[in-house]
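Residue numbers (our numbering): 3 to 180.
Set out below in structure tokens:
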């Protein structure tokens, strides 16, 4: 499969079937994220893979309850990958300040997309989740309150791997050549 085919195949999964992911597959996903580019090579991320069933279930229960319940499907996933934002290098922070751009979020987005595409290559399904109880996640995983968690990625085996139709804007609507 070529890269564009891989991208076309990847879709968010909200229904998982039980299964244990081989550590080698998770390792390759994390390696793909590790190799992502970042502003001034800051690599402002840390990935916490939560796959122990009791810990994962408790985390999912606390992270996705109440007003966050719409993402409770994540409890079905084999693992949750909590993405912690780390500090950027001073030069990246300086550039971010003058440009008014949070490069660390862009960097994290690139790294997470690398991870998710590698997961697709491995035959794993994922969903990028940004709506969760961050305070509960920090408490459950003993993450210092000063840290920021922007993303949780659910990962596992899709209940229905059939491709859904993707509704995207036409290429002429999103691009121009000069």
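Don't be surprised by glycine CBs; every beta carbon is placed ideally from N, CA and C.
Buried or exposed: which applies to residue i, given that a residue is buried once 16 or more other Cβ atoms fall within 10 Å of its Cβ?
i           : result
residue 37  : exposed
residue 158 : buried
residue 114 : buried
residue 5   : exposed
residue 109 : buried
residue 179 : exposed
residue 144 : exposed
residue 24  : exposed
residue 147 : exposed
residue 90  : buried
residue 8   : exposed
residue 162 : exposed
residue 133 : exposed
Since residue i is in the beta strand (DSSP E), which residue starts that stretch and which ends it?
i           : result
residue 172 : No beta strand (DSSP E) holds residue 172; DSSP gives it neither H nor E.
residue 145 : Run containing residue 145: none; DSSP gives neither H nor E here.
residue 48  : 47-52
What would DSSP say about residue i, mapped onto helix, strand or coil?
i           : result
residue 67  : coil
residue 9   : helix
residue 156 : strand
residue 14  : strand
residue 57  : helix
Determine whether the Cβ of residue i lies closer than 9 angstroms to any Cβ atom of chain B.
i           : result
residue 135 : The structure shown contains no chain B, having only a single protein chain.
Quick check on the DSSP output: the alpha helix (DSSP H) that includes residue i runs from which residue to which?
i          : result
residue 83 : Looking at the DSSP string, residue 83 is not in any alpha helix (DSSP H); the run it does join, the beta strand (DSSP E), is 81-87.
residue 35 : 25-36
Given residue i, which residues of its chain have a CB within under 6 angstroms of its CB, disregarding the five upstream and five downstream residues?
i           : result
residue 160 : 15, 127
residue 118 : 128
Near residue i, what residues of its chain come up, given a Cβ to Cβ distance below 7 angstroms and the 5 sequence neighbours on each side ignored?
i          : result
residue 30 : 120, 124
For residue i, which residues in the same chain have their Cβ closer than 8 angstroms to its Cβ, ignoring the five residues on either side in sequence?
i           : result
residue 39  : 109, 112
residue 139 : 61, 64, 65, 84, 145, 151, 154
residue 104 : 98
- prompt: What are the start and end residues of each continuous alpha helix (DSSP H) run of 4 or more residues lying completely inside the segment 96-130, in chain order?
  reply: Fully contained in the segment 96-130 are the following alpha helix (DSSP H) runs of length 4 or more, in chain order: 105-123.
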